[in-house]
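One structure is given below, encoded as structure tokens.
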Amino acid sequence: MSLSNRSKIWLLILLFLILALIVTLVMPPKQGMNNRVNVQDEVLRNPAFSPVKGPVALKPYVVVDDLTNYDENGEVNDNTYICGLKDKTMEDKLNKIIADKVQKMAEKGLPPYRGIKAVFKSESQINYDYGPIVSLGAVNNILNVSISRFGSYDDYKEEIFYSFEDKEIYQYDLNTGEEIHLADLFSEDVDYVTLLSGFVSDQILDNHIEDNEDYVYEGLQTVTPFQGIDPNQKFFLSGYGLDLIFDYNTPEFDTNFYPQSITIPYSKLGDHFIGLNRFYDESKTSIYDDTRELELILVPPCQTVFEYDPSYVAEDMDAHISVRVGKLESYSSPEVEKIVDSYLSVPTDFLDERMEMAKKWIADHPNTFIDLSYDAVVSAYPKILTIEINQFYDGYPTIDDRFRASRTYLLDSETGKEMELKDLFTEGYDYQAAVKDSFHSEYDEYDMDIDYENMFSELSFTVDSYGIAFTLPGENYTASSSFLSQYDFPEEQPDLYAYLPYEEIGYENILMFQD
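At position 232 of the sequence shown the residue is numbered 812 (our numbering), and the sequence of numbers has no breaks.
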């Protein structure tokens, strides 16, 4: 039985599709801009580093090392090289690497951003305004090297201006000088590409703006569906998290000729993230010379998520009105979460009253401005929850119609119990003497009398990533007119402020640093 011409054509098409399917299954995927490498096929790990299996216990803080070089006047002398390592041979080696990378960037042409050649039609159009600009820093003995170069095209006659930034980022182990890849920050038994891609996808969904569907996260504009990060995605380590960099190497996004980043807090990366532990061992001798001080930054155990109350958004009013509540993603128990919620409850009666006042004022006084805001935010530190509440109303230009109130509470993260100042310190530490000394050193040059004996019943305090801040209300001291003359309203005696860094107190004297 012979086949018709139509049947022969369909048979050839079927055979072609079967052949294409076989080739697709057998042949390995091509590595191009639009293909992601499977992490199991090619894992960019440094063979010089010993294998680490998860889970890895995350320390409650990150060590940040200042390697910027300052001259004798305290000014930044040159930020294109590091200074401060005991091993000067290693220091010279890394500085040579940095210099070579800077020179390479200086000789680089137009970066291959999507659509950039349609704007910059010839190399002669480009003005390289700034760069290469080098930013150096270290987190737990990992050296971050960020090199940027900026270019622009300006046509005054046509009133056209375009600009771009090209950025290259490198990381090096300050112990060995070896380059560090993204894979080296995770234990060998975790699929870090899938892990990080999930975080990026969540950020895209969480920041999706329905009124403008293209924009999903700050400067990132979707072009095609996100396919996942590259195994060797550019990244930067800060004191708080892992920044993934998206530029012309990520085809799913149009970044408007500028690199954009998505930050993933360390607390979200789990116990397979070894970047904070692999290169730094506090039990070993410091690799820095004795003149360098280490700076500690706390890593919150969970991230704050902000919620905005839409009932206080009035687009038809000339006013800035916002009600923002920041909750944590997780708590130690439902009981603690309920306690925190009681602190974060929005005072609707107060806000409704002020809202009506704002509407009436603007109706009677066109072209004026009202500022109304309420912020209630909870943040987490090791063993401590801080709740900061700020209320503000400014019925400008009616100076008399202003309201400001701020209050900070500290709660034990395990029990929800409100903490006293003494609860921050280990037993036996004379914290009162330390606090008095901090106020004394801050205001010693002024002629004033502080009521040190009764100050602790009036003193308020809070913690941040570097130390403990104190506020003493203005009625607890007397001061000369020369001191009060510094302030806009000297008749209203201002509050006094002092600060105690954790390093000055001693980490062994602070409960949050104890196991």
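Ideal Cβ placement from N, Cα and C applies to all residues, glycine included.
- Here DSSP, grouped into helix, strand and coil, assigns Arg694 to coil.
- Between the alpha carbons of Glu994 and Thr884 lies a gap of roughly 17 Å.
- Taking 3 residues as the minimum length, the beta strand (DSSP E) runs contained wholly in the segment 1002 to 1045 are 1028 to 1030, 1040 to 1043, in order along the chain.
- The Cβ atoms of Val636 and Gly819 lie no closer than 7 Å to each other.
- Shown here, Arg934 sits in a helix according to DSSP, grouped into three states.
- At the C-beta level, Val958 and Leu965 come within 7 Å of one another.
- For Ala1078, the enclosing beta strand (DSSP E) covers residues 1076 to 1081.
- The segment 1073 to 1090 and the segment 1031 to 1049 touch, with three or more beta-carbon pairs separated by less than 8 Å.
- At the C-beta level, Asp992 and Met999 come within 7 Å of one another.
- In the DSSP annotation of this structure, Gln840 is not part of any alpha helix (DSSP H); the continuous beta strand (DSSP E) holding it starts and ends at 840 to 845.
- Setting aside the 5 residues that flank it on each side, Ser726 is surrounded in the same chain by Ser715, Ile749, each with a C-beta closer than 6 Å to its C-beta; the list follows chain order.
- Going by beta carbons, Asn707 and Gly717 fall outside the 7 Å limit.
- Judged by pairs of C-beta atoms under 8 Å, the segment 803 to 813 does not touch the segment 849 to 860, as fewer than three such pairs exist.
- In this structure, Leu817 sits away from Gly757, with a CB-CB distance that is not shorter than 7 Å.
- With a 10 Å radius around the Cβ and a threshold of 16 neighbouring Cβ atoms, Phe741 comes out exposed.
- Shortest Cα-Cα distance from Val682 to any of Leu638, Arg729, Thr843, Ile696 involves Arg729.
- Beta-bridge annotation (DSSP): Leu723 is paired with Ala718, Tyr752.
- Nearest in C-alpha terms to Leu762, of all of Asn812, Leu785, Ile842, Tyr752, is Asn812.
- Rounded to the nearest angstrom, the gap between the Cα atoms of Thr802 and Tyr838 is 14 Å.
- When rounded, the separation of the alpha-carbon atoms in Asn857 and Asn720 is 7 Å.
- Burial is judged here by how many other beta carbons sit within 10 angstroms of a residue's own beta carbon; Ala960 has at least 16 and is buried.
- Approximately 5 Å separates the beta-carbon atoms of Pro631 and Glu768; this is inside 8 Å, confirming the contact.
- When C-alpha distances from Asp782 are compared across Tyr1079, Thr843, Asn755, the shortest belongs to Thr843.
- In this chain, the alpha helix (DSSP H) harbouring Glu917 covers 914 to 924.
- Nearest neighbour of Asp951 by Cα position, chosen from Asp974, Ser1037, Lys939, turns out to be Asp974.
- Asp810 has no beta-bridge partner at all, per DSSP.
- Annotation for Val682: the continuous alpha helix (DSSP H) segment containing it runs 668 to 686.
- Between Glu1022 and Ala1078, the CB-CB gap stays under 7 Å.
- Judged by DSSP secondary structure, Gly664 falls outside any beta strand (DSSP E); it is assigned neither H nor E.
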